[in-house]
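Chemist: For reference, the structure I am asking about is given below.
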Amino acid sequence: MSIKPKLGFFDLTMIIVSMVIGIGIFRNPSIIAQHAGNETIFFLAWVLGAVVSICGALTFAEIGSRYPVAGGYYKLFSLCYHPALAFMLIWTYILLNAGSTAAVAFIGAQYITPVIMPASLQNAGGEKLMFYLIIGLLFILNFLGIRMGARTQNVLSMVKIVLMLIFISALFFISPSENKISILPDTVDSGSHPVSTFITALGMSLIAIFFTYGGYQNIVNLGGDVKSPQHTIPKAILFAIGIVFLLYLSINIAYVKVLGFEQVQQSPLIAADLGKVLFGNTGAAFASVAIFISVLGFINSQLMHNPRVLYAMAEEKILPAIFMKVHAEKQVQEFTLIFITVLVVVMFLLLQNYSNLLNYVMFNDTISLACAAFCIFIMRKRKTGDESKGFRIRWFPVLPAIFILMQLTVTVNIVYSDTINSLIGLVVLLCGFPLYVLLKKIV
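Numbering (the numbering used here) for the sequence shown: 3 to 445.
In structure tokens, the structure reads:
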């Protein structure tokens, strides 16, 4: 059974918003502030991250318009490079998506458990129980159909946006921090931040920022589910990235204006600290609810798009045909959704460190993003999708080149800052080749 288009512009926009806005914006600003060292680099990094993400969004808008298929991320690599490289990149993609989904779900469970669980379950056991409840609930909702998954996503994304706007309202109702640190200082202290240190600080800041801005590219996996994809995918990507940029910039200004830059650097739970300023003692609970809703939206989007990648692999006979089986009415790959959900649980049981996961993810993610973005050059040369007359990037090839260069720059920074975890990521990537050869023989 083939996949039938069920998703419109609003559905797609809300899915992308939740793909991008996970927990990063509620935690990473503190890490970024530590790397940046001062507000100039901090805000410069956020703006630069937005500019690069816009370049990437434009690139993937054209790719999605030219080649709107189910599991587009795998299909793209297979079309432009080779099925073996496609498998190597995508098998790490699936593993790391499952790992990041597990990590995010558990962090969400840690935040919400003290708020809603009885005192007897406000412990490690209660957090694990909450993790399984989160995964189980979202699995059931997505198992009921692609439209149910989309409706769930729409509600979660809208609530997420409203909660972020409440945080941002601190700019208008709360007096600036007594630290009296300006939002954008006029100069950088050249003594403490020479050029080499400036570049290093900026590069390290961008690692976490790209992680926080990333996710929109995954929408190409739902290309087969979208109505009028040549026009809907580009519009949804660009509109969603615009929403995310405005929310991110505004909430970071709120963090710095209300808390002061030094407290931003020192706070591991920055959203909770801002919540306390807004709502007093109940502020931490409000922040926990906001993070929890954001977590639900992120996980739901993962359960929607990841099965389509395995659909594409089964379509090319890399995986058994059962991964391609779609329920005619619900448009859900029932077996594949179960497989993805079980994989998330397995990764949760194996996962030990969120920080290490960040570097595993970013090392492989930046490589695959650079490779995916380069596909636009190959597709244009081959005239792939020219007949669709869909979205085309202006200022080509400059914008895709900027995006690719920045992704590779972040890759180098990750290798420099965390060589061991980068090597682990590389080994996992290379292990995909013998697995590909094996599957080709037995499937």
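Each residue gets a CB set at the ideal place from its N, CA and C atoms; glycine is no exception.
Can you round the beta-carbon distance between L165 and K259 to whole angstroms, since I take them to be within the 8 Å contact cut?
Modeler: Mapped onto the sequence shown, residue 165 falls at position 163. Mapped onto the sequence shown, residue 259 falls at position 257. With a Cβ gap of about 19 Å, L165 and K259 do not count as contacting.
Chemist: In this structure, what does DSSP give as the bridge partners for A72?
Modeler: Position 70 of the sequence shown holds residue 72. In the DSSP output, where bridge partners are listed per residue, A72 has L224.
Chemist: Can you tell me whether L410 is helix, strand or coil according to DSSP?
Modeler: Here residue 410 is taken as the residue at index 408 of the sequence shown, counted from 1. Note: L410 maps to helix in three-state DSSP.
Chemist: Relative to the C-alpha of Y250, which candidate in P31, G73, E64 has its C-alpha closest?
Modeler: For the purposes of this step, residue 250 is taken as the residue at position 248 of the sequence shown. The option with the nearest alpha carbon to Y250 is P31.
Chemist: Where Q124 and G110 are concerned, what is the direct C-alpha to C-alpha distance, given to the nearest angstrom?
Modeler: For this step, residue 124 is matched to residue 122 along the sequence shown. For this step, residue 110 is matched to residue 108 along the sequence shown. C-alpha of Q124 to C-alpha of G110: approximately 14 Å in a straight line.
Chemist: What does DSSP give as the partner residue(s) for L451 in the beta ladder?
Modeler: Only positions 3 to 445 of the chain appear in this structure, which leaves residue 451 out of reach.
Chemist: Would you kindly work out how many angstroms separate the C-alpha atoms of T199 and G51, rounded to a whole number?
Modeler: Residue 199 sits at position 197 when you count from the first residue of the sequence shown. Residue 51 sits at position 49 when you count from the first residue of the sequence shown. Each residue's Cα considered, the two are about 19 Å apart.
Chemist: From N181 to L261, what does the alpha carbon distance come to, in whole angstroms?
Modeler: One-based indexing of the sequence shown puts residue 181 at position 179. One-based indexing of the sequence shown puts residue 261 at position 259. At N181 the pLDDT is 43, less than 50, meaning the model places this residue with poor confidence and gives no usable figure here.
Chemist: Within 10 angstroms of its Cβ, does L352 collect 16 or more other Cβ (buried), or is it exposed?
Modeler: The sequence position of residue 352 within the sequence shown is 350, counting from 1. Burial call: exposed.
Chemist: Could you check which residue in L135, I23, N423, F341 has the C-alpha nearest to that of M160?
Modeler: The residue labelled residue 160 in the question sits at position 158 within the sequence shown. Checking every option, the nearest Cα to that of M160 belongs to I23.
Chemist: Would G392 pass as a contact of G225 if the rule is Cβ separation under 8 Å?
Modeler: As a first step, residue 392 is located in the sequence shown; it is residue number 390 there, counting from the start. As a first step, residue 225 is located in the sequence shown; it is residue number 223 there, counting from the start. No, the pair does not count as a contact, with Cβ atoms beyond the cut-off.
Chemist: For the region 321-398, list the beta strand (DSSP E) runs that are entirely contained and at least 3 residues long, ordered along the chain.
Modeler: none
Chemist: Check H84 in the structure and name its three-state DSSP category.
Modeler: Looking up residue 84 in the sequence shown gives position 82. H84 falls in the coil class under three-state DSSP.
Chemist: Report yes if the C-beta distance between L431 and M90 is below 8 Å; otherwise report no.
Modeler: As a position in the sequence shown, residue 431 is number 429, starting the count at 1. As a position in the sequence shown, residue 90 is number 88, starting the count at 1. A contact, by the Cβ cut-off of 8 Å.
Chemist: Here's a check: name, in chain order, each residue in its chain whose Cβ is nearer than 7 Å to the Cβ of L401, leaving out the five neighbours to either side.
Modeler: Counting from one through the sequence shown, the residue named residue 401 turns up at place 399. Correct list, in chain order: C57, L60, T61, I395.
Chemist: Name the two residues that bound the continuous alpha helix (DSSP H) containing V164.
Modeler: The residue labelled residue 164 in the question sits at position 162 within the sequence shown. Note, V164: alpha helix (DSSP H), 148-170.
Chemist: According to the neighbour-count rule (16 or more other Cβ atoms, all chains shown, within 10 Å of its Cβ), is G127 buried or exposed?
Modeler: Mapped onto the sequence shown, residue 127 falls at position 125. With fewer than 16 Cβ atoms within 10 Å of its Cβ, G127 is classed as exposed.
Chemist: Excluding five sequence neighbours on each side, which residues of the same chain lie with their C-beta closer than 6 Å to the C-beta of I324?
Modeler: Here residue 324 refers to the residue found at position 322 of the sequence shown. The answer, listed in chain order, is F337.
Chemist: Determine the direct distance from the alpha carbon of K383 to that of M132, and round the result to whole angstroms.
Modeler: One-based indexing of the sequence shown puts residue 132 at position 130. One-based indexing of the sequence shown puts residue 383 at position 381. Cα to Cα, M132 sits roughly 50 Å from K383.
Chemist: So, helix, strand or coil for L97, using DSSP?
Modeler: As a position in the sequence shown, residue 97 is number 95, starting the count at 1. DSSP places L97 in helix when its eight states are reduced to three.
Chemist: DSSP three-state call for K319: helix, strand or coil?
Modeler: What you label residue 319 is simply residue 317 of the sequence shown in a count that begins at 1. Correct three-state label for K319: coil.
Chemist: Give the single residue among Q268, G10, I18 whose Cα lies nearest to the Cα of A242.
Modeler: The residue you call residue 242 lines up with position 240 of the sequence shown. The shortest C-alpha separation from A242 is found at I18.
Chemist: By how many angstroms is the C-alpha of A107 removed from the C-alpha of V54?
Modeler: Here residue 54 corresponds to residue number 52 of the sequence shown, with the count starting at 1. Here residue 107 corresponds to residue number 105 of the sequence shown, with the count starting at 1. Taking the Cα positions, V54 is about 28 Å away from A107.
Chemist: Given a threshold of 16 other Cβ atoms within 10 Å of its Cβ, counted over all protein chains shown, does I137 qualify as buried or as exposed?
Modeler: Position 135 of the sequence shown holds residue 137. So I137 ends up on the buried side.
Chemist: How would you write the range of the alpha helix (DSSP H) that Q268 sits in, first residue to last?
Modeler: Counted from its first residue, the sequence shown places residue 268 at position 266. Element bounds for Q268: 263-268.
Chemist: Sorted by chain position, which residues of the same chain lie with C-beta nearer than 6 Å to L167's C-beta, five sequence neighbours on each side aside?
Modeler: As a first step, residue 167 is located in the sequence shown; it is residue number 165 there, counting from the start. Counting only Cβ-Cβ distances below 6 Å, and skipping sequence neighbours, we find nothing.
Chemist: By the three-class DSSP mapping on this structure, what secondary structure does D275 have?
Modeler: One-based indexing of the sequence shown puts residue 275 at position 273. Residue state, collapsed to three classes: helix.
Chemist: Are there 16 or more other CB atoms within 10 angstroms of the CB of W397, so buried, or fewer, so exposed?
Modeler: Residue numbering aside, residue 397 sits at position 395 when the sequence shown is read from its first letter. Taking all protein chains shown into account, W397 has fewer than 16 neighbouring C-beta atoms within 10 Å of its C-beta and is therefore exposed.
Chemist: May I have the straight-line CA-CA distance separating L205 from F213, to the nearest angstrom?
Modeler: Along the sequence shown, read from residue 1 onward, the residue named residue 205 stands at position 203. Along the sequence shown, read from residue 1 onward, the residue named residue 213 stands at position 211. Sequence check: residue 205 is Gly here, not Leu. Pairing G205 with F213, the inter-Cα distance amounts to about 13 Å.
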